[in-house]
Every structure is written in structure tokens, then in C-alpha cells.
Amino acid sequence: MEKILNYINGELVAPTNGNYLDNYNPSNGEVYSLIPDSEKQDIDNAVVAAKEAFKGWSKTPKQKRSDILMKLADTIEKYSDELIKAESKDNGKPETLAAHVDIPRAPANIRFFAGAILHDSSEMHEMDGMAINYTLRQPIGVAACISPWNLPLYLLTWKIAPALAAGNTVVAKPSEVTPMTAYILSKICIEAGLPKGVLNIVHGLGSKTGDPLTTHPDTPIVSFTGGTVTGKHIATVTAPMFKKLSLELGGKNPNIIFSDADFDKSVSMAARAAFTNQGQICLCGSRLFVQEEIYDKFRDALVTKTSKLKLGDPKDTTSNLGAVVSKDHMEKILAKIELARTLGGNILIGGEREILEGELKDGYYVQPTIIEGLSSDCDINQEEIFGPVVSLIPFKTEEEVVEMANSTKYGLSASIFTENISKAHRVAANIDSGIVWINTWLLRDLRIPFGGMKHSGVGREGGFKSLQFFTEPKNVCVKI
Ligand code: NAD
């Protein structure tokens, strides 16, 4: 069985303790590879390598750093087919989704930041002829980059690209649930000639590998994407060490359909927002608020649309949904659906595990599920489920829907569907979330500030915001 290896100081190495964890293929429930069960010693080795590499990488001219990263992006693209298949096998998502979303974003992320460092500028503050202040933006050191399982290579590269482009070196810890594309990336880095120690990837569990990384005295920057509970833990342990911290956390995003919305477009978009990647995107619209006048018609159209979605083999190009990421996660989703029933929710469609035939019979498939009849303040409408489950909630007025939309502890994203432009802008301004889409969903521009309010995160990524996070501003005052 294939053994995944850590990538430390430019080499593929086994975990120092020699221990491995099982890696499952969610489409059939089988163990198909082994993941290093790394510990503090592996993290220490990776940080030493990254710290040493920082001396050269931070002084490498921007143009050269950019050229090296562009070559890395080209090499990733060369292995697109392998990466698409690997991401789908490791995560359970349809290959078509990996081909259209996950894998193309990896080289795109790297090219974006490799270009951005060549066009960046800094601030200057002039003091009425007395003095000038200019701000240097310098790389900080070894960045700890921790990423989740839902968009494995996409989110890993979204962190390491700005960190490396800005001149830091990186120790990354991908999710132990989906390590494969990060491992392939290690091999690609070697082929592309990334200097030794600039990027290090250590695999393992959050408690045994993540904790020693975030609390290491030589990782002054921590960039984390994952669940809110883990984010809280990381904030607690890193705060006394005064680390620079970016947190991209969970969401319970409202999708608001006004009665004057373009009906067909909003039904299609609501289905996409609920079920893409089996509902396992932090930006998924899992609370669907529909204005009373169109509620019945909208509900019926959404159920019809959902009934046409094909849940099946991730390798089949006609599958719209594949497997959810793990047995544990499937059980959590099913328990939430059961709770919805107990609370009096009406399951309009789905609501069960789907057992596929033949080799896929033990895979982790959950039917796309629509629930109605639950109050906005119940658990199902307040807590993240992170599965193919959407809850319909009717509303009467703009004021009422804004209040309900803002009633959770989260504040990541929101979508608003209306043909009334003034209302769209008004509601966008009143919604507590870091990202608002009007008449669309998940339309991403890599330059925008990306991140959440409240318990959805701290700080913003994207464009120059990422480069600012991964650099330290230093003001220099020159007396004239
Ligand atoms: P998770 O918090 O369980 O794990 C995320 C990563 O943190 C993994 O690599 C894990 O090993 C690591 N980790 C766990 N405990 C740790 C610890 N004590 N110290 C250091 N690292 C530790 O999240 P998940 O289940 O992998 O991902 C799903 C969550 O991620 C959802 O809540 C989703 O909303 C969120 N998410 C947010 C965004 C965003 O941009 N805001 C994007 C994607 C996913």
C-alpha cells in the first residue's frame, strides 16, 4: 500500500516515529494509502529546515522568486490529470468538480501571487517638508499554514502561494483526512526545483502535528483555515506567543430570495449553493430564506431541481454529487438530519444515506436533503452541518429577513436575489458577513478581501491583503 511521506528540506522522508494512519477512499470506504502519523520531532525538523532556507529565500530578488513560483505553477498544471483523480479519490468529490474548481485553482493561486509581488507598492507619508516616512514590507520568517479537507489543494496553495511569494518559508500541515494532493505537490516541488526547505509539508493529526506547529517558538505567523472550534483553540494557544494569526473559519450562510428575483436563476443558484461539493464548502448557502409570496412555488421548483441531481460514482462524469469525506462526517450529517426530524422538520427530499451498488456499496453517500418547517433559531438553522443539507425558511419583510440572517454566531458569506437594485444594496449593507453576493454565488475574484466576521474568522485573505498579512510593516522616518 502506498505510503505518503513528509516533505522536509527538499526531501521525501518517513515520519521519525515510523507510524502511519489509514487513509480512506470515501467513494468505497476502503483504506487505500497510509499517512505519516507525525509528531513534534518532524515539525521541529521542518521548522529548522524552513528557518535555514529563510536566510536565502527572503533575500532572493522578487523577480527570481516570481520566476521560481511560475515554474512551480507550470509543473502543477503538467500533472493536472493525476491531481484531479487523486483529489476525487481522497475526498469523494466528483472528478468533474475537481477538474473545474479544485485543481485549476492551484496553479492560478500561485501565478496570482507570483505576479502580485512584482506589482506591489508601499506607503509614504510626507510631513510638510520636514520629513518623509516610508514603509518597508518585509517577510517575517517561517509561516505555519494549516488547511482543511474540503478543498484540499485549492486551500493549501491559497496559503502557501502568498507566504512564499512574500519571501517567507513555510511549514504546511494539510488535513489528515485528505493528504494525497499535498503529497503529490511535494514531488512536483522537487521536479520544479523549488529550493530546499522553502516549503515543507508535514502530515498528521491536528493534536499531534498541528499543535507543535502552531505553538513552535520559530513560527511567528499562523494561517489557519478550518472549523471554528479548532480556530478558537489555535487563537488561545498562539495569543500568549504574540503570533500573527489569520483565521478562516466556519459559516452558516444565508441565501435570501426576494419575490422579485429572477425565479429560474435563483432556483438554480440555490441548488448549486446548497449541494456543490456535497455541501462541504464554507460558503455554501445552507439557510435558504424565501419571501412568502413565492415560497410554495420556489420550494416545489427546488425539490424538482434537486430530484434531478445525480448522486453517484465520483468518477462518473454525469454525477453531480459524490461521497462526503469520511464515515465520521457522514454520521454527523445524518445525526443532524435526525435532529431536524425530532425538532419537527419536514424532510421534503433526501434525508438518508444512499447505498450505491457493487464496489461502491460501502461508500459515504448522503442524499441531497431539503428541510422545511424549522424556526430560524433552532440548532439546524444556527450550527454548521457542512453537508448536502439546506433548510428553507419563509419570510415576510426585508427587516425580518435581515434580522434572521444575522441571528447566527457566524458571518462568512451571504447571497441576495432580487431585481430591485436599491434593495439589493441596502440588504448587502445590513448583512453581517464578510462576503455578499448579489444575484450570484461563489463568483470569486482573487483580489477581493476574503474572510468572515464574528465566529467565521479574524482577518482577511486575498490580493494584497494576503501579502500584507505575510509581511511586517516597518516605518522608516527620514528627517529632511
Ligand atoms: P478542522 O478544524 O477539523 O481541521 C482543519 C485543519 O486543522 C486540519 O488540518 C486539522 O488537522 C488541523 N487541526 C485540528 N486540530 C488542530 C490543532 N489543535 N492545532 C493545529 N491544527 C489542528 O476543520 P475541517 O473539518 O478540516 O474543515 C471543515 C471546516 O473548515 C468547516 O467548519 C468549514 O466551514 C471550514 N472552512 C472554512 C473556510 C473559510 O475560508 N472560512 C474554508 C474551508 C473550510
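Those letters in the sequence shown? Residues 8 to 487, per this note's numbering, in order.
Think of the CB as a built atom: it goes at the ideal place given N, C-alpha and C, for glycine as much as any other residue.
Status (buried if at least 16 other CB within 10 Å, exposed otherwise) for residue i
{"i": "MET187", "result": "buried"}
{"i": "ASP239", "result": "Reading the sequence as shown, one finds Lys at residue 239 and not Asp. So LYS239 counts as exposed."}
{"i": "ILE91", "result": "buried"}
{"i": "MET137", "result": "exposed"}
{"i": "ASN326", "result": "Note that residue 326 is Ser in the sequence shown here, rather than Asn. Buried: at least 16 other Cβ atoms inside 10 Å."}
{"i": "LYS317", "result": "exposed"}
{"i": "CYS291", "result": "buried"}
{"i": "LYS1", "result": "Missing from the structure shown is residue 1; the chain here goes from 8 to 487 and no further."}
{"i": "ILE572", "result": "The structure shown has nothing for residue 572, since the chain only spans 8 to 487."}
{"i": "PHE249", "result": "exposed"}
{"i": "VAL408", "result": "buried"}
{"i": "CYS152", "result": "buried"}
{"i": "LYS491", "result": "Lying outside 8 to 487, the shown extent of the chain, residue 491 is not represented and no answer is given."}
{"i": "SER489", "result": "This structure cannot speak to residue 489, because the chain is shown only from 8 to 487."}
{"i": "THR349", "result": "exposed"}
{"i": "LEU450", "result": "exposed"}
{"i": "ALA246", "result": "exposed"}
{"i": "ASN482", "result": "exposed"}
{"i": "ASN116", "result": "buried"}
Proximity winner among the options, relative to residue i (alpha-carbon distances)
{"i": "THR404", "options": "VAL177, PHE296, LYS66, ALA308", "result": "PHE296"}
{"i": "ILE423", "options": "VAL209, VAL274, ILE288, ILE263", "result": "ILE263"}
{"i": "THR425", "options": "ILE288, PHE471, ALA268", "result": "ALA268"}
{"i": "ALA60", "options": "CYS385, GLU255, VAL205, VAL409", "result": "VAL205"}
{"i": "ALA242", "options": "GLY466, THR283, LYS486, ILE11", "result": "GLY466"}
{"i": "GLU300", "options": "ASP323, PHE270, ARG294", "result": "PHE270"}
{"i": "SER333", "options": "SER95, THR67, ALA80, THR447", "result": "SER95"}
{"i": "SER447", "options": "SER314, CYS484, ASN32, ALA278", "result": "The question names Ser, but residue 447 is Thr in the sequence shown. Taking only the C-alpha atoms, the option nearest THR447 is ALA278."}
{"i": "SER65", "options": "GLN298, ARG144, ALA53, ALA105", "result": "ARG144"}
{"i": "ASP384", "options": "GLY99, ALA347, LEU474, PRO480", "result": "ALA347"}
{"i": "VAL443", "options": "LEU419, ILE428, ARG454, LYS461", "result": "LEU419"}
{"i": "THR103", "options": "HIS336, LYS461, LEU328, GLU479", "result": "LEU328"}
{"i": "GLY25", "options": "VAL38, GLY99, SER382, LYS10", "result": "LYS10"}
{"i": "PRO33", "options": "ALA93, GLN298, GLU84", "result": "ALA93"}
{"i": "THR226", "options": "ARG118, GLY319, ALA170", "result": "ALA170"}
{"i": "PRO480", "options": "ASN140, ASP452, HIS432, ASP439", "result": "ASN140"}
{"i": "SER429", "options": "GLU410, PHE265, LYS100, ARG306", "result": "PHE265"}
{"i": "VAL485", "options": "GLY233, ILE445, HIS132", "result": "HIS132"}
Assigned secondary structure, residue i (DSSP; H/G/I helix, E/B strand, else coil)
{"i": "LYS47", "result": "helix"}
{"i": "LEU158", "result": "coil"}
{"i": "TYR372", "result": "strand"}
{"i": "GLY63", "result": "helix"}
{"i": "LYS69", "result": "helix"}
{"i": "ASN207", "result": "strand"}
{"i": "PHE265", "result": "coil"}
{"i": "ARG498", "result": "It is not possible to answer for residue 498, since the shown part of the chain is limited to 8 through 487."}
{"i": "LEU41", "result": "strand"}
{"i": "ARG294", "result": "strand"}
{"i": "THR243", "result": "helix"}
{"i": "ASN427", "result": "coil"}
{"i": "GLN287", "result": "coil"}
{"i": "SER420", "result": "strand"}
{"i": "CYS196", "result": "helix"}
{"i": "ASP323", "result": "coil"}
{"i": "THR103", "result": "helix"}
{"i": "HIS132", "result": "strand"}
{"i": "THR447", "result": "coil"}
{"i": "SER87", "result": "helix"}
{"i": "ASN24", "result": "coil"}
{"i": "MET337", "result": "helix"}
{"i": "MET6", "result": "It is not possible to answer for residue 6, since the shown part of the chain is limited to 8 through 487."}
Integer-rounded CB distance, given that residue j should sit under 8 Å from residue i
{"i": "SER230", "j": "SER253", "result": "5 Å"}
{"i": "ILE392", "j": "LYS343", "result": "5 Å"}
{"i": "GLY458", "j": "GLY470", "result": "Wrong, their Cβ atoms sit about 12 Å apart, outside the cutoff."}
{"i": "PRO181", "j": "LEU163", "result": "6 Å"}
{"i": "GLY380", "j": "ASN353", "result": "4 Å"}
{"i": "LEU76", "j": "ALA121", "result": "4 Å"}
{"i": "GLY351", "j": "THR376", "result": "Rounded, the Cβ-Cβ distance is 16 Å, inconsistent with contact."}
{"i": "PRO22", "j": "SER40", "result": "About 14 Å separates the two Cβ atoms, so there is no contact after all."}
{"i": "ILE110", "j": "SER87", "result": "5 Å"}
{"i": "GLN48", "j": "LEU125", "result": "Actually they do not touch by this definition, with Cβ atoms about 38 Å apart."}
{"i": "ARG294", "j": "PRO261", "result": "5 Å"}
{"i": "SER463", "j": "LEU220", "result": "Actually they do not touch by this definition, with Cβ atoms about 23 Å apart."}
{"i": "LYS203", "j": "ASN16", "result": "5 Å"}
{"i": "ALA281", "j": "VAL373", "result": "About 13 Å; that fails the 8 Å criterion."}
{"i": "ARG72", "j": "ALA172", "result": "6 Å"}
Is it the case that the stretch 366 to 376 contacts the stretch 209 to 225, given that we only count it when at least three CB pairs across the two stretches are under 8 Å? no
Within the chosen definition, does the stretch 330 to 344 reach the stretch 275 to 292 through at least 3 CB pairs nearer than 8 Å? Below 8 Å, enough C-beta pairs join the stretch 330 to 344 and the stretch 275 to 292 to call them touching: three or more.
Report yes or no: do the stretch 168 to 180 and the stretch 49 to 60 share at least 3 C-beta pairs separated by less than 8 Å? Under the three-pair Cβ rule at 8 Å, the stretch 168 to 180 counts as touching the stretch 49 to 60.
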